[in-house]
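Presented below is the structure to which this report refers.
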Amino acid sequence: ISVKDSGTGMTEAQVETIRGGAVSGISSAGTQGEKGSGLGLIICKDFLCRNGSRLVIESRKGEGTRMSFEMNQINS
1 ISVKDSGTGM TEAQVETIRG GAVSGISSAG TQGEKGSGLG LIICKDFLCR NGSRLVIESR
61 KGEGTRMSFE MNQINS
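As structure tokens, this is what we get:
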């Protein structure tokens, strides 16, 4: 699954901060002034980690961000 936006994007330092597990203090206003706490990102990263996957982040400041992940099929 891959989601791409054309928002404000992130610097490499911001992406590395997220990859390291922290998201507080990196948020900035979106293209229409919207703000977020980063809670959704924390929940998604935790869910993926607990299920053997990881979040892949590609972003460039001023060009938007793509976040993607793969999950293995679970057979019951």
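Numbered as in UniProt numbering, the sequence shown ends at 76 without a single skipped number. All residues carry an ideal CB built from backbone N, CA and C; glycine is no exception. As the structure is a prediction and not an experimental result, all values here were calculated from the model.
Burial is judged here by how many other beta carbons sit within 10 angstroms of a residue's own beta carbon; GLN14 has at least 16 and is buried. In the three-state scheme derived from DSSP, where H, G and I count as helix and E and B as strand, ARG50 is classed as helix.
From the listed residues GLY33, GLU70, LYS35 and MET10, the smallest Cα separation to LEU48 is found for GLU70.
Annotation for GLU58: the continuous beta strand (DSSP E) segment containing it runs 56 to 60. A direct Cα-Cα distance of roughly 13 Å separates GLY36 from GLY7.
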